[in-house]
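For reference, the structure discussed in these notes is given below.
Protein chains: 2
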Amino acid sequence: MRSSHLSETTSGSVLPPNPYSALCPTRMVLDRIADKWAVLILGLLDGGPQRFNQLRREIGGLSQKMASHTLKSLERDGLVTRTAIATVPVTVEYAITPLGRTLAQAVDSLRLWAENNFDAVLTAQQSYDQRSNELGA
Amino acid sequence: MRSSHLSETTSGSVLPPNPYSALCPTRMVLDRIADKWAVLILGLLDGGPQRFNQLRREIGGLSQKMASHTLKSLERDGLVTRTAIATVPVTVEYAITPLGRTLAQAVDSLRLWAENNFDAVLTAQQSYDQRSNELGA
DNA sequence: TTTGATAGTTTCCAATGGATACCAGATGCG
DNA sequence: CGCATCTGGTATCCATTGGAAACTATCAAA
Numbered sequence: 224m225r226s227s228h229l230s231e232t233t234s235g236s237v238l239p240p241n242p243y244s245a246l247c248p249t250r251m252v253l254d255r256i257a258d259k260w261a262v263l264i265l266g267l268l269d270g271g272p273q274r275f276n277q278l279r280r281e282i283g284g285l286s287q288k289m290a291s292h293t294l295k296s297l298e299r300d301g302l303v304t305r306t307a308i309a310t311v312p313v314t315v316e317y318a319i320t321p322l323g324r325t326l327a328q329a330v331d332s333l334r335l336w337a338e339n340n341f342d343a344v345l346t347a348q349q350s351y352d353q354r355s356n357e358l359g360a
Numbered sequence: 224m225r226s227s228h229l230s231e232t233t234s235g236s237v238l239p240p241n242p243y244s245a246l247c248p249t250r251m252v253l254d255r256i257a258d259k260w261a262v263l264i265l266g267l268l269d270g271g272p273q274r275f276n277q278l279r280r281e282i283g284g285l286s287q288k289m290a291s292h293t294l295k296s297l298e299r300d301g302l303v304t305r306t307a308i309a310t311v312p313v314t315v316e317y318a319i320t321p322l323g324r325t326l327a328q329a330v331d332s333l334r335l336w337a338e339n340n341f342d343a344v345l346t347a348q349q350s351y352d353q354r355s356n357e358l359g360a
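As you go down the protein sequences, you meet chains A and B in turn. So the first sequence is numbered by the working numbering: it starts at 224 and just counts up by one. So the second sequence is numbered by the working numbering: it starts at 224 and just counts up by one.
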């Protein structure tokens with residue numbers, strides 16, 4: 224398919240956005256969202272605001288370091304907001320932004336694909352491994 | 224909105240697919256496709272079969288090692304096929320499978336999002352960095 | 001004969017990510 | 001009182017990952 228996606232950029236430059244070029248901004252954005260933790264956090268916040276540890280408890284295997292790091296990046300990218308609330312132990316609430324919501328929807332199609340097709344992938348892996356064993360035995 | 228996606232799995236197990244659980248197969252698939260090289264290769268092959276070096280030339284920054292590794296993984300997952308052709312220097316053609324094509328379409332929405340929204344992300348980053356500098360100066 | 005193309009593998013090093021410990025402030029519990 | 005626990009992180013160490021470059025092999029063209 225790969226139609227050409229010519230369009231004007233912010234500054235009126237004539238270069239088309241092209242993630243296949245290492246220096247294109249769309250590529251930087253792609254690198255950013257091709258990240259499992261970002262995908263999972265965004266999907267979770269799309270269902271409503273969450274606090275830091277609450278979020279960590281919901282996402283299996285998410286370390287504090289990566290939670291902190293990923294949330295900071297998402298905030299920098301304008302995809303989530305961080306709000307510190309002066310409760311007794313200070314709680315911090317993370318919420319998705321309108322921009323983040325549009326991404327969450329695009330990303331949701333990936334989650335749905337995984338849910339619908341993981342069995343086909345697992346089957347393919349098994350027959351691949353079996354063929355490898357028969358050849359390389 | 225995170226509706227519950229209850230459905231029967233291959234073996235008739237009652238556990239719903241849930242990428243938020245570290246051990247769920249959908250999570251393994253998600254880890255797999257949350258990979259910039261896989262995304263870019265799949266998108267490229269969706270436009271037609273490509274040879275190894277041809278593909279490497281089209282994707283800026285893709286090293287031989289990662290090209291080889293990613294293509295091998297994609298083949299194992301049943302998303303692309305590898306065909307060696309006995310030409311004078313042996314050429315190898317990679318093509319997308321029907322299963323891979325369904326994923327490429329889901330993934331394409333990510334590429335489109337990046338193309339449509341990278342300017343908003345860049346703007347957000349700039350104002351974030353500016354705020355940080357003002358506070359932490 | 002040296003150079004180039006084909007498609008990789010191997011090796012080395014820098015960067016990323018996970019596990020763990022630690023920090024501060026306040027509350028509960030014995 | 002004194003220790004554990006909750007909050008949201010930061011700091012550190014180490015294993016794995018990813019990138020750069022060199023190396024493999026075969027054959028063709030210059």
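Built from N, CA and C at the ideal position, the CB exists for glycine as well.
When rounded, the separation of the alpha-carbon atoms in Arg-274(B) and His-292(A) is 38 Å. From the listed residues Arg-324(A), Val-313(A), Asp-352(A) and Glu-357(A), the smallest Cα separation to Leu-263(A) is found for Arg-324(A). Using a CB distance cut-off of 9 Å, Tyr-243(A) counts as an interface residue toward chain B.
Rounded to the nearest angstrom, the gap between the Cα atoms of Glu-316(B) and Asp-331(B) is 22 Å. DSSP places Tyr-351(A) in the helix class (H, G or I) of the three-state scheme. One finds Ala-343, Val-344, Thr-346, Ala-347, Gln-348, Ser-350 and Tyr-351 in chain A with Cβ atoms closer than 9 Å to the Cβ of Gly-301(B), taken in chain order. Within chain A, the residues placing a beta-carbon under 8 Å from that of Pro-240(B) are Ala-337, Glu-338 and Phe-341, ordered along the chain. Just so you know, the alpha carbons of Gly-271(B) and Ala-245(A) end up roughly 21 Å apart. In the structure shown, Thr-304(B) falls within a strand segment according to DSSP collapsed to helix, strand and coil.
By the rule that beta-carbons nearer than 9 Å mark a contact, Lys-259(A) touches chain B. Apart from the 5 residues on each side of it in sequence, Met-289(B) sits with its Cβ closer than 6 Å to the Cβ of Trp-260 in its chain, given in chain order. Ranked by Cα distance from Ala-343(A), the options Arg-279(B), Ala-309(B), Leu-302(B) and Ser-355(B) are led by Leu-302(B).
Contact check for Arg-299(A) against Gln-277(B) fails: the beta carbons are separated by 9 Å or more. DSSP places Val-311(B) outside any beta strand (DSSP E), giving it a letter other than H or E. Between Pro-248(A) and chain B, the shortest Cβ-Cβ separation is below 9 Å. Annotation: Arg-279(B) to Leu-268(B) spans about 12 Å, alpha carbon to alpha carbon. Assigned with DSSP and collapsed to three states, Ile-319(A) falls in strand. For Met-251(A), the closest Cβ of chain B is nearer than 9 Å. Under the Cβ criterion of 9 Å, Glu-316(B) is not counted among the residues facing chain A. Interface with chain B (9 Å Cβ-Cβ cutoff): Ala-290(A) is excluded. Sixteen is the threshold: since fewer than 16 other Cβ atoms of the shown chains lie within 10 Å of the Cβ of Pro-321(B), the residue is exposed. A residue is called buried once 16 or more other Cβ atoms fall within 10 Å of its Cβ, and Val-252(A) is buried on that count. Within chain A, the residues Ala-329 and Ser-332 have their CB atoms less than 7 Å from the CB of Ser-332(B), given in chain order.
For Arg-255(A), the nearest beta carbon of chain B is closer than 9 Å to its own beta carbon. Taking all protein chains in view, the Cβ of Pro-312(B) is surrounded by fewer than 16 other Cβ atoms within 10 Å, so the residue is classified as exposed. Within chain B, the residues placing a beta-carbon under 8 Å from that of Glu-298(A) are Tyr-351, ordered along the chain.
The residue among Leu-265(B), Gln-328(B), Gly-266(B) and Cys-247(B) with its C-alpha nearest the C-alpha of Trp-336(A) is Gln-328(B).
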